[in-house]
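K.L.:
Numbering (our numbering), first residue to last: 9 to 348.
Dumping the structure here so I can ask a few things about it.
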Amino acid sequence: MRIFSGIQPTGDKHLGNWSGGFRQYAATQEQGDAFFCIVDLHSITVEYDTEELRERTLDLAAMLFATGLDTERSTVFIQSHVPAHPEAAWLLASVASFGELRRMTQFKDKADRQEFVSAGLFSYPVLQAADILLYQADGVPVGEDQRQHIELARNIAERFNARYGDTLALPEMIAPSEGGRIMDLQEPERKMSTTGGSPQGTVRLLDPPDVLRKKFKTAVTDSGSEVRRAPDKPGISNLIEILSAVTGDGMDAIETRYDGEGYGRFKEEVGEAVVGLLGPIQRRYEELRSDPRELQRLLARGAEKAREVSEPTLQTMLDRMGLVRSEVGRNFGAARPREL
Ligand code: AMP
Ligand code: TRP
9 MRIFSGIQPT GDKHLGNWSG GFRQYAATQE QGDAFFCIVD LHSITVEYDT
59 EELRERTLDL AAMLFATGLD TERSTVFIQS HVPAHPEAAW LLASVASFGE
109 LRRMTQFKDK ADRQEFVSAG LFSYPVLQAA DILLYQADGV PVGEDQRQHI
159 ELARNIAERF NARYGDTLAL PEMIAPSEGG RIMDLQEPER KMSTTGGSPQ
209 GTVRLLDPPD VLRKKFKTAV TDSGSEVRRA PDKPGISNLI EILSAVTGDG
259 MDAIETRYDG EGYGRFKEEV GEAVVGLLGP IQRRYEELRS DPRELQRLLA
309 RGAEKAREVS EPTLQTMLDR MGLVRSEVGR NFGAARPREL
């Protein structure tokens with residue numbers, strides 16, 4: 009089974025990313041041949057700082073290893089190191105329709121927040137489809153917010169196969185049974201996010217223990233006093249889901265355990281569980297992040313493997329689409345950097 013997922017090197021990573029992303033990556037690498045991509049080319053579609061992007065890319069690499077990816081089992085690499093990604097995205101841009109891209113809710117949400125809406129932001133899901141389809145991935149571990157993008161990738165693959173002959177595998181989304189959509193602790197009607205959430209309601213993976221404890225202590229709770237999931241208790245329901253994702257205990261078992269208890273102790277214990285989870289991750293992260301050259305080395309090795317695996321798909325796509333392959337070969341040598 010081939011696994012592929014991508015994650016953006018922007019915004020501080022938070023507990024939602026851990027639950028829908030990192031946690032699943034570490035688990036799925038056990039199930040097969042796994043590729044995890046730091047999607048820097050996706051991050052340039054909205055306003056960003058160039059120096060910060062460079063730092064964040066290595067930060068994210070360290071976090072991927074700190075949360076359990078193992079280079080013996082997984083291929084971890086940077087998207088821009090593998091030119092087949094943007095190349096395949098251009099090919100697939102003619103297989104995706106304007107209408108289906110216009111319907112993407114993530115595009116609509118992000119476009120509403122930008123003064124300058126780039127063409128890249130609009131075609132973002134096509135690049136994501138290219139990421140996945142180049143590797144012939146069977147499974148894509150992501151959080152619930154990515155469902156529409158994975159469905160689009162499937163539709164694009166189906167359309168490509170119908171037009172040009174069977175070439176691309178149809179990917180399936182892998183979502184966790186609980187914790188696929190973690191909500192903001194202060195505003196539990198919106199998803200946890202460093203770009204769209206509240207600062208106090210967003211649990212950052214690098215928050216120190218006292219900050220973590222305080223965020224859980226001050227998490228909004230609902231009327232009533234029972235620790236129980238209910239549509240009119242979004243705050244408590246979210247905390248139950250978080251505790252379940254962190255400890256692996258079922259949500260029913262958690263409700264039974266806190267039967268008759270008030271919110272206070274429950275919130276405190278969810279906070280402690282998160283502190284216990286993140287402590288070791290933070291220590292590993294600091295250690296890995298202090299050696300950027302080693303990170304670069306691991307990422308270069310990942311890129312090499314990713315190039316080898318994606319290139320045959322790209323070549324088949326080009327061929328089936330009727331493009332004449334160059335006799336000159338693909339390697340023209342590196343261009344000389346422009347003198348500034
Ligand atoms: P991003 O940081 O946007 O690249 O997202 C990385 C991964 O985290 C993706 O698989 C998302 O689906 C997942 N994710 C982001 N926010 C949440 C959330 N609030 N709850 C669960 N998963 C999330
Ligand atoms: N769009 C995804 C997100 O915001 C990131 C992503 C890019 C991705 N390419 C991917 C996820 C390929 C899975 C597979 O989270």
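A virtual CB, placed ideally from N, CA and C, is assigned to each residue, including glycine.
#1: Give me whichever residues DSSP pairs with phenylalanine 44 in a beta bridge.
#2: Is it the case that the CB of valine 352 approaches a heavy atom of ligand 2 more closely than 6 Å?
#3: Tell me which residue opens and which closes the beta strand (DSSP E) that proline 149 is part of.
#4: Going along the chain, which residues of its own chain have a beta-carbon closer than 7 Å to the beta-carbon of tyrosine 266, five neighbours each way excluded?
#5: State yes or no: is the C-beta of glutamine 16 nearer than 6 Å to some heavy atom of ligand 1?
#6: With distance defined between alpha-carbon atoms, name the residue in Pro17, Ile248, Arg162 and Leu135 nearest to leucine 178.
#7: Would you kindly report the start and end of the unbroken beta strand (DSSP E) that includes isoleucine 182?
#8: Who are the Cβ neighbours of proline 300 in its own chain at under 7 Å, not counting the five residues just before and after it?
#9: So what's arginine 212 in DSSP terms, helix, strand or just coil?
#10: Taking all protein chains shown into account, decide if valine 211 is buried (16 or more other Cβ within 10 angstroms of its Cβ) or exposed.
#11: Looking at ligand 2, does it come within less than 6 Å of histidine 50, judged from the CB to the closest heavy atom?
#12: Would tryptophan 187 and serine 27 be called neighbours here (beta carbons separated by less than 7 Å)?
#13: Shortest alpha-carbon distance to glutamine 323 belongs to which of Glu95, Asp117 and Lys222?
#14: By a C-beta neighbour count over all protein chains shown, 10 Å radius and 16 as the cutoff for buried, is glutamine 87 buried or exposed?
#15: Bridge partners for methionine 191 per DSSP, in chain order?
#16: So the candidates are Leu141, Val150, Ile250 and Gly284; which of them puts its Cα closest to the Cα of alanine 35?
#17: Taking the straight line between their C-alpha atoms, what separation do you get for tyrosine 172 and aspartate 327?
#18: By Cβ distance, which residues of its chain are closer than 7 Å to valine 317, with the 5 residues on each side in sequence left out?
P.N.:
Looking at the coordinates:
#1: Ser13 and Val84
#2: Lying outside 9 to 348, the shown extent of the chain, residue 352 is not represented and no answer is given.
#3: 147 to 149
#4: Val235 and Phe274
#5: yes
#6: Arg162
#7: 180 to 182
#8: Leu66
#9: strand
#10: buried
#11: yes
#12: Correcting the residue type first, residue 187 is glycine in the shown sequence and not tryptophan. Yes; because the gap between Cβ atoms is below 7 Å, this pair is in contact.
#13: Glu95
#14: buried
#15: Lys199
#16: Val150
#17: 10 Å
#18: Tyr143
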